[in-house]
Amino acid sequence: MTSSLGGIRFSVLDRSRTREGEDGSAALRATVDLAREVEALGYHRFWVSEHHSVPGVAGSAPTVLAAAVAAATSTVRVGTGGVMLPNHQPMVVAEQFGVLESLFPGRIDMGLGRSVGFTDGIRRALGRDKEDADRFGEQLDELLGWFAGTQTAHPQVHARPAEGLRVPPYVLATGEGASVAAAAGLPLVIGDLRGRERMLSAVDAYRSAFRPSLWSEEPYVVVAGTVAVAATEEKARGLLVPEAWSLAYSRTRGVFPPLMPVDGIERQTMTDKQRGFFEAGLKGHVYGTEEQVEDALERVVKESGAQEVLVTTSTHDRAALLDSYRRLARVAGLTSENA
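Numbering (numbering that gives the first Met the number 0), first residue to last: 0 to 338.
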C-alpha cells in the first residue's frame, strides 16, 4: 500500500488501561512494552496520561511512567498527554521535566492539560478545587518561565535542572485550552475526532489567534482520537467495544471499570440507558480496514490541516491492539506493506 498520508506524523497515547483480572502493575508494564513495539513500527511519539483514583486506569504519575518508557526505548519521543497542570505546582513540574530532559536529551515532550480531579473527593485529596482550572494560563506562564529563567513570581529561586533547557510544551485543548495555546504560542493537541465540527472551529480560532513565541514560530496542530484497524470492518468495530462498555458502565454505575473481553460484554444484559451510552461510545471513531481508515484519516487531515495524528485507542485484547497499530503504521507509510 502506498500511503497518501506522507508527511503526517503519527503518534500514540496510552492510558495504561487495566484489563479484567489484572492489576495496575500489569497495565503499567504493558504500557512500557507497547512503547517498544510502536517505536519499532516508526511512530513519532509515545505519550502517557494522568488519572487519579480511576479503577480502570493505572497511569496516575505520568512523569514517572515517562521515565520508565524513555529508559526502555531509544528513538521515539516520550512525553505526557498530559500532566494536568492545575493539580501541581509549576516549579515541581518544571523540575520533573528538567530531570527527564537531562536523562534523555532531545526526546522529551511536555504535554499539559487544564483538568482537575473529576470528583470532590479527588480534588480534596490533591489539595485542589474546580476553580484551579481557571488559573491554567497563569500557571502555564509560570511553568515556561522556570525553563526560560524569566519567571518573576519567586525572585532568586531557580528550577534545577530545568532552567535553560528546551522541553517542547504542548497544550491539550479542553475548554479554553485552544485559546490559551494560541496566546502562549504553543502547539495544540485537540480531540476527539467525534466532535468534528467543534474541533475544526477550535482549530480555526487557534490559528487565527496564534502568536509566535520562543517555543513555536508557527501554529502546530495535533488531532487526537481513537483509530482502530483490522482485517475487516466488523473486527475493527469490535476493538471499540470494551471501551464503549466501560464508558456506559461508568455513566450508569459511577465506576470506570477495567476493560472486559468482547464476548463477555456481548453476554451482558444492558438497560436501555446503558445501551444508549454504549452505542454512543461506538460512534464517531475512525475504524475499519486499512483502506477505509486511510480514506477517513485523509478527510480528517485535509479538513483540520493537522500536522500530526495522536492515536489513543484502548481495547481488551492487547495482541489485537498491537495488530491495529501495525496496520495503521502501514496506512501512514511508517512501515512496509509486509511488516
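C-beta: ideal position from N, C-alpha, C; glycine also.
Predicted, not measured: the structure shown is a model, and the values here were computed from it.
Where residue 208 is concerned, the enclosing alpha helix (DSSP H) starts and stops at 195 to 208. Of all alpha-carbon atoms in 147, 305, 10, the one lying nearest the alpha-carbon of residue 214 is that of 147. The residue from 145, 94, 159 with its alpha-carbon nearest to that of residue 153 is 145. Contact check between the segment 129 to 138 and the segment 78 to 97: three or more CB pairs, one atom from each, fall below 8 Å, which counts as touching. If you ignore the 5 residues before and after residue 90, its C-beta comes within less than 7 Å of the C-beta of 145, 158, all in its own chain and listed in chain order. In the DSSP annotation of this structure, the continuous segment of the alpha helix (DSSP H) that includes residue 324 starts and ends at 317 to 330. Counting along the chain, the unbroken beta strand (DSSP E) around residue 107 starts and ends at 107 to 112.
DSSP lists no beta-bridge partner residue for residue 266. According to DSSP, residue 13 shares a beta bridge with 47. About 11 Å separates the Cβ atoms of residue 78 and residue 171, ruling out a contact at the 8 Å cut-off. Within its own chain, the residues whose Cβ lies closer than 7 Å to the Cβ of residue 41, once the five positions on either side in sequence are excluded, are 328, 333, 334, listed in chain order. Going by DSSP, residue 168 is part of the beta strand (DSSP E) stretching over 168 to 171. Taking the Cα of residue 203 as reference, the smallest distance to any Cα among 211, 212, 219 is reached at 219.
Each residue's CA atom was taken as its position, placing residue 156 and residue 5 some 46 Å apart. Contact between the segment 16 to 29 and the segment 244 to 259 is present: 3 or more CB-CB pairs across the two stretches fall below 8 Å. With a threshold of 16 other beta carbon atoms within 10 Å, residue 305 meets it and is buried. Secondary structure at residue 307: strand, using DSSP grouped into helix, strand and coil.
According to the DSSP assignment, residue 248 belongs to the alpha helix (DSSP H) that extends over 232 to 252.
One thing to note: residue 231 has its Cβ no nearer than 8 Å to the Cβ of residue 311. The residue among 113, 236, 298, 182 with its C-alpha nearest the C-alpha of residue 320 is 236. Its chain contains 59, 86, 116, 121, 124, 125 as the residues whose beta carbon lies nearer than 8 Å to that of residue 51, once the 5 sequence neighbours on both sides are disregarded; these appear in chain order. Residues 160 of the same chain have their beta carbon placed closer than 7 Å to that of residue 98, with the five preceding and five following residues left out of the count. Checking the DSSP bridge columns, you'll see residue 83 partnered with 112.
Setting aside the 5 residues that flank it on each side, residue 103 is surrounded in the same chain by 69, each with a C-beta closer than 6 Å to its C-beta; the list follows chain order.
Within the same chain, Cβ atoms closer than 8 Å to the Cβ of residue 281 are found at 236, 239, 240, 243, the five residues on either side in sequence being excluded. With respect to the C-alpha of residue 57, the residue from 269, 76, 30 having the closest C-alpha is 30.
Residue 63 sits in a helix when the DSSP states are folded into three classes. Per DSSP, the beta-bridge partners of residue 76 are 44.
Separation of residue 298 and residue 151 (C-alpha to C-alpha, rounded to the nearest whole angstrom) is 45 Å. The Cβ atoms of residue 80 and residue 12 lie closer than 8 Å to each other. The DSSP-derived three-state label of residue 7 is coil. Beta-bridge analysis with DSSP links residue 286 to 227.
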